[in-house]
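*Asks:*
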Amino acid sequence: MDIAAANARWSAAFVDELVRAGVCDACVCPGSRSTPLALALAQHPGIKLWMHLDERSASFFALGMAKYQHRAVALLCTSGSAAANFMPAVVEAHYARVPLLVLTADRPHELRDTGAPQTIDQLRLYGAHAKWFVEMALPEATPQALSYARTIACRAAAEALAAPAGPVHLNFPFREPLVGGAADARPVAEEGAESPYLTVDSAIPAPPDAAVANLAAAVGRCRRGLIVCGPNNGEDYAAAVGRLGAQLAFPILADPLSQVRCGPHDRRTVIDSYDAFLRIDEFTRRYAPEIVLRFGALPTSKPLVHYLEGQGASCRQVFVDGGGGWNDTALMPAQVIHADPGMVCERLGEALKEHRAAPEAAAWSQAWVRIGALARSAIAHHLEALDIPFEGKVFAELAAMVPPGALLFAGNSMPVRDLDTFFPGGDGAIRFMANRGANGIDGVLSSALGAGARAGGPLVLALGDLSFYHDSNGLLAAKLHALRATIVLLNNNGGGIFSFLPQAAYPEHFEQLFGTPHGLDFSRFAAAYGAGFTRIATWSEFRCAARAALPAQGVQIIEVPTERASNVRLHREVWDSVAAAIGPALSQ
Ligand SMILES: Cc1ncc(C[n+]2csc(CCOP(=O)(O)OP(=O)(O)O)c2C)c(N)n1
Ligand SMILES: [Mg+2]
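Quick note: the sequence shown uses this note's numbering, first residue 23, plus one each step.
1) Does DSSP put I579 in a helix, a strand or coil?
2) Under the criterion of a Cβ to heavy atom distance below 7 angstroms, does N589 qualify as lining ligand 3?
3) With a threshold of 6 angstroms on Cβ separation, who are the neighbours of Y117 within its own chain once the five nearest residues in sequence on each side are excluded?
4) Can you give the Cα-Cα distance for D598 and V358, rounded to whole angstroms?
5) Kindly examine ligand 1 and report whether one of its heavy atoms sits closer than 7 angstroms to the Cβ of G541.
6) List the DSSP bridge partners of C251.
7) Taking any heavy atom of ligand 1 as the mark, which residues have a C-beta closer than 5 angstroms to it, listed down the chain?
8) Which class does H66 belong to by DSSP, given the choice of helix, strand or coil?
9) Alpha carbon to alpha carbon, how far is V190 from I393?
10) So what's V156 in DSSP terms, helix, strand or just coil?
11) I'd like the list of long-range same chain contacts for A548, defined as Cβ closer than 6 angstroms, with 5 residues on each side in sequence excluded.
12) Between which two residues does the alpha helix (DSSP H) carrying N349 extend?
13) Measuring CA to CA, which of G203, L71, L275, V222 is closest to D24?
14) If you compare alpha carbons, which of A477, I302, W348 is closest to P606?
15) Could you check which residue in C566, L505, S489 has the C-alpha nearest to that of L542?
16) Check each candidate in D47, R265, A383, A152 and name the one with the smallest Cα separation from A111.
17) Output yes or no for whether 8 angstroms exceeds the beta carbon distance between M73 and R476.
18) Give the range of the alpha helix (DSSP H) segment to which C566 is assigned.
19) Going by DSSP, which residues form a beta bridge with C49?
20) I'd like to check one pair, G486 with S435: are the Cβ atoms closer than 8 angstroms?
21) How many angstroms separate the CA atom of A180 from the CA atom of F317?
22) To the nearest angstrom, how far is the alpha carbon of A570 from that of G576?
23) Which value, in whole angstroms, describes the spacing of the CA atoms of Y296 and A185?
24) Rounded to whole angstroms, what is the Cα-Cα separation between E114 and A380?
25) Here's the rule: buried if 16 or more other CB atoms are within 10 angstroms of the residue's CB, otherwise exposed. What is E368?
26) Determine whether the beta carbon atoms of I452 and V424 lie at a separation below 8 angstroms.
27) Are there 16 or more other CB atoms within 10 angstroms of the CB of D449, so buried, or fewer, so exposed?
28) So what's V210 in DSSP terms, helix, strand or just coil?
29) T556 by DSSP, collapsed to three states: which one?
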């Protein structure tokens, strides 16, 4: 048997079928064992190849790209520890429901557990984090074997995309010779028809009629209803939920990552400043909901999560999840509806067509909207008067500058929280992203660059210094693939979030264990990767740098130097200003 030809033919059939199933991007890392698949991906005209030198960065790049496009992206590496480097991104893809097609090359079975080089146990390497695992057969060029390769390609793409989307792992053993069959490695379209070898149709379910009727009855009686929109990747239900909130007089507490806070949809009851005013005990005592309709993942805001967890059993909490998941940490009696969120909003709206919000319900909603506006304007006034660098103000400044159609990616730790607190709602359709599946500070740069590589508008990434350092290897992708990005580096020389936590009260080992100052000079990273670099000292310098960076070519890094201890004080001053502004409204 001609092994080289079988490897090439098998890989070409598999890749050809991936393309028919809708895959058009592949992130590939170098190595020998993966050669047949790498060649097939490089030679297929339907595949855009994104070459990466570091598997961890490659996998996060693929994750960001797949997440932005709601489309499966293929990811390939050689055998051994290369495959293990995909683990953090696979974990994030699992929890964030991102369709990743992870292809790992492996030694053939006779070379496993024999001391052969670059050989580890790759079977079910990602454990329960992969939705589906297949140990592929050894390549053969028989019609039946090629049908098998095509079938697996179609099934894998469909499985990765089916709700809840997630990573699929296919392990490919290859025998040598790995090259030499190239003549047969061209796309083998002639072996199949134009359409995919097999199609898989799956859909997110519509809500059961009984659940809608039951909920409509409860909502119809309710005078104090609330909608909470947690992180959700895509604006699929923003219009429907906006309409429902206005119709029912239910305030909508919209996490920026829900895609409901900003956009041209009905935002009359959308509240964007809850993170600041739900810290006020007097407010949370007086404003207790009877029903909460919850969409998306757990909200970013801690005060919001505490508020929801603090509601007693008299509050009916209803979770809507199109992916069949579970997004509740409160362990309270609740109702879960596994159905399409947009459809739930629409069906509920239809069922309550004749319903007119009671005066008490309208007053409840107006009070939330008024207090939300008071909080937002208190924040704006406070920030206006602040002329020193402050991490929160970066997001208010960006809100005034990023154009509709932009992608704003926030790093974990404080950036994503500051985005929540300081980025006001608006008409401009801005896509917000963050890695909130596992909340890691790894892979942020690469995920943003991967998403930005396929985004129509400019990419703005705001992240902390440790997150930047953690994935600085990811910058190479921008150089290799001529990507554009504005990176706002919030440099507080360590982990700023820990200064907000109880650990800060124990100074003896605080800096060593939590603050972790490093003293890195980030301009050197920029120079190494050919990125522009500006360190700002004033807000006018920030605006000037951001204005220049947004339309510029390449990567432009704007460093905002801040200080961890004063950052906590500045945040608390904002919250105090909000409490002072809202106090009179609460005592009325
Ligand atoms: C991979 C990973 N390691 C460790 C953590 C724990 N962690 C959470 S926030 C944080 C500090 C992040 O620092 P930075 O990116 O500078 O943001 P800042 O806290 O200063 O806003 C750490 C280490 C994590 N979330 N992910
Ligand atoms: Mg930091």
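The C-beta atom is built at its ideal place from N, Cα and C for all residues, glycine as well.
*Replies:* Working from what's here:
1) Correct three-state label for I579: strand.
2) Ligands displayed in this structure: ligand 1 and ligand 2; ligand 3 is not among them.
3) Contacts found: G459, A460.
4) If I take the Cα positions, the gap works out to 37 angstroms.
5) G541: no, Cβ never under 7 angstroms from ligand 1.
6) Looking at the DSSP output, C251 bridges to A276, F317.
7) Qualifying residues, in the order they occur: S435, M436, G462, I463, D464, G486, D487, L488, S489, N514, G517, G518, I519.
8) Correct three-state label for H66: coil.
9) Taking the CA atoms as reference points, V190 sits about 46 angstroms from I393.
10) In this structure, DSSP gives V156 an extended state, which the three-state scheme calls strand.
11) Cβ within range, chain order: F555, I579.
12) Unbroken run through N349: none, as it is neither H nor E.
13) For the residues G203, L71, L275, V222, the minimum Cα distance to D24 belongs to G203.
14) The option with the nearest alpha carbon to P606 is I302.
15) Of the candidates C566, L505, S489, the one whose C-alpha sits nearest the C-alpha of L542 is S489.
16) For A111, the closest of D47, R265, A383, A152 by C-alpha to C-alpha distance is A152.
17) Against a cut-off of 8 angstroms, the Cβ pair of R476 and M73 comes out as no contact.
18) Per DSSP, C566 belongs to the alpha helix (DSSP H) from 561-571.
19) Looking at the DSSP assignment, C49 forms a beta bridge with W72, L97.
20) Going by C-beta atoms, S435 is nearer than 8 angstroms to G486.
21) Cα-Cα distance, rounded: 25 angstroms.
22) A570 and G576 have their C-alpha atoms some 12 angstroms from each other.
23) Looking at the two C-alpha atoms, the distance is approximately 30 angstroms.
24) If I take the Cα positions, the gap works out to 44 angstroms.
25) For E368, the number of other beta carbons within 10 angstroms of its own is at least 16, and it is reported as buried.
26) Going by C-beta atoms, I452 is nearer than 8 angstroms to V424.
27) With fewer than 16 other CB atoms across the displayed protein chains lying within 10 angstroms of its CB, D449 is exposed.
28) Caution applies to V210, whose pLDDT of 49 falls short of 50 and renders its modelled position unreliable; the value that the coordinates give is listed next. Note: V210 maps to coil in three-state DSSP.
29) Looking at T556 - three-state DSSP - the assignment turns out to be strand.
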